[in-house]
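Step one of this worksheet: look at the structure below.
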Amino acid sequence: MPAPVFDKNPSLKYLGLAESFEPSPERDPIAFLSQYLTHLPPHLLLHYSYITTPKQRSVITSIRNRRLQYVNKNPPELSFDAGRSTWPNLWQGRERRGVEEGNEERSWAQKDFLHGSKQHVGKLGNLLAGYEEEREAERVREIRRNNRDAVEDDFVPEEDSDEDVPPEVETAEQARASFERLLRESFIHGLLDNIDYDGVDWDETLDVEDERDAEERWFEED
346 MPAPVFDKNP SLKYLGLAES FEPSPERDPI AFLSQYLTHL PPHLLLHYSY
396 ITTPKQRSVI TSIRNRRLQY VNKNPPELSF DAGRSTWPNL WQGRERRGVE
446 EGNEERSWAQ KDFLHGSKQH VGKLGNLLAG YEEEREAERV REIRRNNRDA
496 VEDDFVPEED SDEDVPPEVE TAEQARASFE RLLRESFIHG LLDNIDYDGV
546 DWDETLDVED ERDAEERWFE ED
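Structure, rendered in structure tokens:
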């Protein structure tokens with residue numbers, strides 16, 4: 346199926362601009378959207394998904410504001426459980442899951458495996474638990490090797506300038522909050538995959554009041 350072709354004319358016609366207008370919505374869509382995003386309806390804005398990426402659009406103030414308004418609504422796809430499943434490479438505490446699943450393997454062997462002797466079942470449980478922890482740890486290492494991309498290159502968390510101070514160990518609650526914050530910040534910067542940016546970037550209902558007022562003034566001055 347051929348990729349959709351972007352047509353600049355509907356946007357220019359809607360805004361009453363000449364075909365030769367610069368910045369061109371076709372050649373410089375980010376600059377064009379920076380000026381006119383809040384003046385265009387969603388059905389026309391959707392066409393800009395053909396020629397821009399979520400990361401490119403993150404430089405547009407209005408789009409960052411829309412994304413911020415969206416994450417402040419606590420969408421389920423950016424929750425801890427959903428995020429850990431969708432983007433395990435971002436979850437720094439993911440290795441603990443191998444330990445949890447290893448404990449499940451040990452419990453299964455102790456309770457259910459052929460009702461065997463305590464000595465043999467105990468050895469089997471420990472063996473299965475070790476395999477599960479190793480398998481999960483290797484899976485996480487593989488995911489991280491394959492995902493050292495824009496998230497790591499473009500989003501660098503702040504670091505403590507005092508290298509002599511040992512890092513504090515996060516509680517489970519703090520780790521959960523830190524992960525959800527990372528998800529939200531990564532979303533705002535356009536760095537997440539497998540998520541619907543179009544439904545947010547082109548949603549005019551997410552505009553803050555001062556942007557809507559500015560849009561009304563723009564049309565009144567025309």
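Throughout the sequence shown, residue numbering follows my numbering, covering 346 to 567 in sequence. Think of the CB as a built atom: it goes at the ideal place given N, C-alpha and C, for glycine as much as any other residue.
Sequence-distant residues of its chain with Cβ nearer than 8 Å to glutamate 525 (five each side left out): Excluding residues up to 5 positions away in sequence, Leu423, Ser424, Phe425, Gly428 lie with their Cβ nearer than 8 Å to the Cβ of glutamate 525 in the same chain.
For tyrosine 542 and arginine 391, the rounded distance between their alpha carbons: The sequence given here places leucine at residue 391; arginine does not occur at that position. Each residue's Cα considered, the two are about 11 Å apart.
Buried versus exposed call for aspartate 538 [16 or more other C-beta atoms within 10 Å across all chains shown]: So aspartate 538 counts as exposed.
Contact between the segment 355-367 and the segment 516-532 (3+ Cβ pairs under 8 Å): Contact annotation: the segment 355-367 does not touch the segment 516-532, with fewer than three C-beta pairs closer than 8 Å.
Inter-stretch contact (C-beta, 8 Å, three-pair minimum) for the segment 528-538 and the segment 369-376: In short, these stretches do not touch, since the Cβ pair count stays below three.
For serine 430, the first and last residue of its enclosing alpha helix (DSSP H): Unbroken alpha helix (DSSP H) run through serine 430: 425-431.
Straight-line gap, tyrosine 415 to valine 545 (C-alpha atoms, nearest Å): Whole-angstrom Cα-Cα distance: 7 Å.
Three-state class that DSSP yields for valine 350 in the structure shown: DSSP places valine 350 in coil when its eight states are reduced to three.
Contact check, leucine 413 vs leucine 528, beta carbons under 8 Å: Taking C-beta atoms as the reference points, leucine 413 and leucine 528 fail to come closer than 8 Å.
Selection from Pro387, Pro386, Phe351 that minimises the alpha carbon distance to aspartate 373: Aspartate 373 has its Cα closest to that of Phe351, out of Pro387, Pro386, Phe351.
Whether alanine 378 touches tyrosine 393 by CB criterion (8 Å): The sequence given here has leucine at residue 378, not alanine. Tyrosine 393 is positioned such that its CB atom lies closer than 8 Å to that of leucine 378.
Valine 416 CB to nearest heavy atom of the ligand FAD below 7 Å: Absent from the structure shown: the ligand FAD. Ligands present: none.
Helix, strand or coil at alanine 363 according to DSSP, with G and I counted as helix: DSSP places alanine 363 in coil when its eight states are reduced to three.
Aspartate 548 and proline 420 closer than 8 Å at C-beta: No, these two residues do not count as a Cβ contact at 8 Å.
Top-ranked residue by Cα proximity to lysine 353, from Leu389, Lys418, Pro399, Ser523: Ranked by how close their Cα comes to the Cα of lysine 353, the residues Leu389, Lys418, Pro399, Ser523 have Leu389 in first place.
Candidates Ser430, Leu382, Asp552, of which the one nearest isoleucine 540 by Cα: Just measuring C-alpha positions, the residue of Ser430, Leu382, Asp552 sitting nearest isoleucine 540 is Ser430.
Beta-carbon spacing of arginine 409, aspartate 552 below 8 Å: In this structure, aspartate 552 does not lie closer than 8 Å to arginine 409 by Cβ.
Own chain partners of proline 399 with C-beta closer than 6 Å, once the 5 adjacent residues on each side are dropped: Hits under 6 Å: Gly535, Tyr542.
Closest residue to isoleucine 405 among Pro349, Tyr381, Glu364 (Cα-Cα distance): Cα-wise, what sits closest to isoleucine 405 is Tyr381.
Rounded separation between glutamate 364 and proline 349 - CA only: Distance between the alpha carbons of glutamate 364 and proline 349: 20 Å.
CA-to-CA distance, glutamine 437 to threonine 383, given in whole angstroms: Threonine 383 and glutamine 437: Cα-Cα distance of roughly 37 Å.
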